[in-house]
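Before any comments, here is the structure.
Have a look at this one:
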C-alpha cells in the first residue's frame with residue numbers, strides 16, 4: 081500500500097516534469113518569436129489537455145499553475161512581473177484548473193470502466209475454461225466404463241480363443257488347423273486391444289495443448305472409441321462417413337475432442353425416446369469451401385424446433401433433466417476461438433444435425 | 192431324439208467375440224450359428240433341434256433383454272445364456288427372473304460357458320420331449336368319442352364302474368366296454384398311467400367345467 085502510494089507520487093512527479101518541460105519549450109519558442117498572449121494561453125491549454133489525458137489530477141493541476149505563472153510572467157503586461165493585471169490573468173488559471181479537473185476525472189472514469197470490462201472478460205474466460213474442464217472430467221468419468229468395455233471385448237475374445245486353442249490341441253487327435261486359427265485370432269485381438277490403448281492414450285495426451293496441425297478424422301475415431309459403448313448401451317449405432325483426402329486442420333486436440341464428444345453424446349441422448357426408427361448417429365467430415373473443413377454430427381432423435389435452434393447455444397439453457405446447459409455454449413466458444421462456426425439445423429426427416437467448420441492448416 | 196446334435200446360436204455385436212465363441216463352442220462338439228444383432232437372429236429360420244441361445248446383453252438396436260422378452264412373447268422358449276461386459280446386479284436379476292439359464296460376465300472361464308450351454312441344451316431337450324409327449328397324448332385323446340371322454344373323466348376322478356353307470360344312466364357292462372376302449376386308445380398300461388395322462392391334458396378340469 082505504502083509502496084503503491086510512493087509509486088504514485090513518483091509517477092505524478094514524472095508527469096509533472098514532462099508537462100513542465102513541454103511548457104518550458106513552448107514558452108521559450110513563443111517568447112523568442114513574440115507570439116501574442118492570447119495565442120500562448122491557448123497553446124498552454126493544449127499542453128494542459130494533453131497532460132491531463134495521461135496523468136493524475138495533482139500533476140495536471142501543478143502543470144496548470146506553472147502554465148499560468150509562465151503566462152503571467154512572460155506574456156501578459158506588465159512583463160516579468162506576477163500579478164492580476166489583465167482579464168487573462170483571471171480567466172487563465174480558472175480555465176486551466178477546470179480543464180485539468182474535468183479531463184483527469186473523465187479519463188479516470190474511462191480507465192476504470194475499461195479495466196472493469198477487461199476484468200469481466202477475464203473472469204468469463206476463466207469460468208468458461210473451468211466449466212469446460214468440469215464437463216470434460218464428468219464426461220471422462222462416464223466414459224471410463226466405456227474404455228473398460230473397449231479393452232474387455234478383445235480381452236474376452238483372447239480368453240475364449242485361448243481356451244478353444246487348448247481344447248483343439250487336447251485329446252488323441254488334436255485339430256491343428258483349428259488350433260492355429262484360434263492362435264492367429266489371439267494375436268489379432270491382442271493387437272486390437274493394443275490399438276485401443278494407443279488411441280486412448282492419444283486421447284488423453286495432455287502435453288500438446290495449444291493449436292497444432294491435426295488430422296480431424298483421427299480425432300473423430302478416437303472420440304468414437306470412447307462413445308461406442310455408451311452408444312451401444314443405449315441402443316444407438318454410430319456410423320462414420322469420413323472423407324479420405326481431407327486436409328489437416330489447425331486446432332487444439334483436446335478442445336476439439338471435447339466438442340465432438342459433446343455433439344455425439346447430445347445426439348445419443350436425443351434418441352432416448354425414439355422407438356419407431358433406427359437410432360443412428362452419423363459423423364461425417366468433408367472439405368468445405370476452399371480453405372475449410374466441415375464436420376457434421378447427425379442424429380435421428382427428437383429434433384429441435386426452430387425457436388430453440390439459437391437458444392440452445394446460450395449458457396445454462398438445457399433440455400436435459402441433468403444437463404448443465406454448458407455443452408453447446410462451450411463448444412461454440414471453442415470453435416469460434418478456432419476461427420470456425422458451429423450451428424445446428426433440423427433434418428428433413430427426423431432429428432437434428434450439428435456442424436462446425438475449422439480452418440485448414442497451412 | 193437324443194441323437195440330434197444340439198445347436199447353439201450366438202448373438203454378439205463384436206466380431207472378435209463372435210469368432211472366438213464359434214471356435215470355443217465348436218471345440219466342444221456343438222454346432223454354432225452366429226448373429227451380429229437381435230434383428231438378424233429374429234429374421235433367421237428357427238431350428239427344430241434342441242438349441243440354446245448365447246446372448247450378449249448390450250446390442251445395438253434391440254438389446255439382449257429386449258430380445259428375451261420378444262422371444263417369450265412369441266412363445267419361443269429357447270433357453271438363454273447371457274454374456275455381458277459389465278453386468279450389474281439388477282440386470283442379471285431381471286434376466287434370471289425372465290428364465291435365463293446363466294448370466295456370465297466377460298471374460299468367463301470356458302467351462303462356465305460350456306457347462307451353462309450343456310445345461311441350457313438339456314433343458315431345451317427335456318422341454319421338447321415333454322412337448323412332443325403331450326402332443327402325442329393329446330392326439331390319442333382326440334381319437335376318443337365324446338362318451339368315452341366322459342367316462343375317462345369319471346374314471347380318473349376315482350369313481351367305480353357302478354357309480355359311473357348310475358351317474359350316466361347306463362348299464363355297468365356298457366361302462367366296462369367304454370373303459371376298455373379308453374384304456375386301449377390312450378395306450379394306458381394302468382389306471383395310474385391314465386390318471387397321469389389326464390393330469391397332463393387337464394381332463395378333469397375340462398370335465399368339471401362342463402358339468
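Residue numbers (my numbering), protein chains in the order written: chain A, 81 to 442; chain B, 192 to 402. All residues carry an ideal CB built from backbone N, CA and C; glycine is no exception.
Spatial neighbours of residue i in its chain, beta-carbon cut-off 8 Å, leaving aside the 5 residues before and after
i	result
residue 287(A)	A caution first: residue 287(A) carries a pLDDT of 48, below 50, which makes its placement in the model unreliable, though a value can still be read off. If we look at residue 287(A) and ignore the five residues flanking it on each side, it has no Cβ neighbours.
residue 305(B)	215, 216 and 219
residue 144(A)	128, 173, 176, 177, 179 and 180
residue 352(B)	363, 366, 367 and 370
Beta-carbon neighbours of residue i, restricted to chain A and to distances below 7 Å
i	result
residue 249(B)	312 and 313
residue 211(B)	237, 240, 241, 244 and 265
Other residues of its chain near residue i: CB distance less than 7 Å, five sequence neighbours each side excluded
i	result
residue 323(A)	365, 366 and 367
residue 248(B)	254, 255, 256, 273, 275, 278 and 282
residue 251(B)	204 and 228
residue 164(A)	170
residue 443(A)	What the structure shows of chain A is the stretch from 81 to 442, and residue 443(A) is not part of that stretch, so it cannot be assessed.
residue 255(A)	248
Option in the options with minimal Cα separation from residue i
i	options	result
residue 319(A)	301(A), 387(A) and 328(A)	301(A)
residue 345(B)	239(B), 373(B) and 304(B)	373(B)
residue 212(B)	240(B), 197(B) and 245(B)	245(B)
residue 157(A)	166(A), 149(A) and 150(A)	166(A)
residue 315(B)	262(B), 224(B) and 270(B)	270(B)
residue 381(B)	261(B), 347(B) and 226(B)	347(B)
residue 392(A)	412(A), 380(A), 292(A) and 261(A)	412(A)
residue 344(A)	378(A), 353(A) and 205(A)	378(A)
residue 313(A)	336(A), 352(A) and 89(A)	352(A)
residue 299(A)	140(A), 431(A) and 341(A)	341(A)
residue 290(B)	302(B), 262(B), 303(B) and 300(B)	262(B)
residue 120(A)	140(A), 280(A), 150(A) and 442(A)	150(A)
Contacts that residue i makes with chain B (C-beta to C-beta distance below 8 Å)
i	result
residue 321(A)	Here the premise fails: no neighbours, minimum Cβ distance about 17 Å.
residue 316(A)	251
residue 358(A)	252
residue 350(A)	Ordered by position in chain B, no residue passes the 8 Å Cβ test against residue 350(A), which lies about 16 Å from the chain.
residue 261(A)	214
residue 258(A)	214, 217 and 218
7 Å Cβ cut-off: residues of chain B touching residue i
i	result
residue 233(A)	205, 207, 208 and 276
residue 269(A)	207
residue 353(A)	What residue 353(A) touches in chain B: nothing, since even the nearest Cβ is about 15 Å away.
residue 272(A)	207
residue 229(A)	276 and 277
Straight-line Cα distance separating residue j from residue i
i	j	result
residue 309(B)	residue 292(B)	10 Å
residue 241(A)	residue 274(B)	16 Å
residue 296(B)	residue 276(B)	6 Å
residue 306(A)	residue 273(A)	14 Å
residue 308(A)	residue 269(A)	18 Å
residue 365(B)	residue 389(B)	22 Å
residue 108(A)	residue 181(A)	26 Å
residue 101(A)	residue 170(A)	24 Å
residue 387(B)	residue 360(A)	55 Å
residue 379(B)	residue 361(B)	24 Å
residue 394(A)	residue 426(A)	18 Å
residue 339(A)	residue 298(B)	33 Å
residue 84(A)	residue 90(A)	10 Å
residue 370(A)	residue 440(A)	9 Å
residue 335(A)	residue 327(A)	19 Å
residue 260(B)	residue 356(B)	50 Å
residue 87(A)	residue 192(A)	19 Å
Proximal residues of chain A, C-beta to C-beta of residue i below 9 Å
i	result
residue 298(B)	232, 235, 236, 237, 238, 239 and 240
residue 327(B)	Result: empty, since nearest Cβ-Cβ is about 39 Å, beyond 9 Å.
residue 221(B)	None at all; the shortest Cβ gap to chain A is about 12 Å.
residue 301(B)	239, 240, 242, 243, 244, 246 and 247
Cβ shell of residue i (< 6 Å), same chain only, five flanking positions each side left out
i	result
residue 382(A)	350
residue 237(A)	269
residue 317(A)	360
residue 376(A)	364, 433 and 435
residue 232(B)	202 and 226
8 Å Cβ cutoff met for residue i and residue j
i	j	result
residue 438(A)	residue 329(A)	yes
residue 197(B)	residue 242(B)	yes
residue 424(A)	residue 384(A)	yes
residue 137(A)	residue 179(A)	no
residue 173(A)	residue 148(A)	yes
residue 27(A)	residue 135(A)	No answer is possible for residue 27(A): it lies beyond the span of chain A, which begins at 81 and ends at 442.
residue 372(A)	residue 332(A)	no
residue 265(A)	residue 210(B)	yes
residue 415(A)	residue 422(A)	yes
residue 392(B)	residue 332(B)	yes
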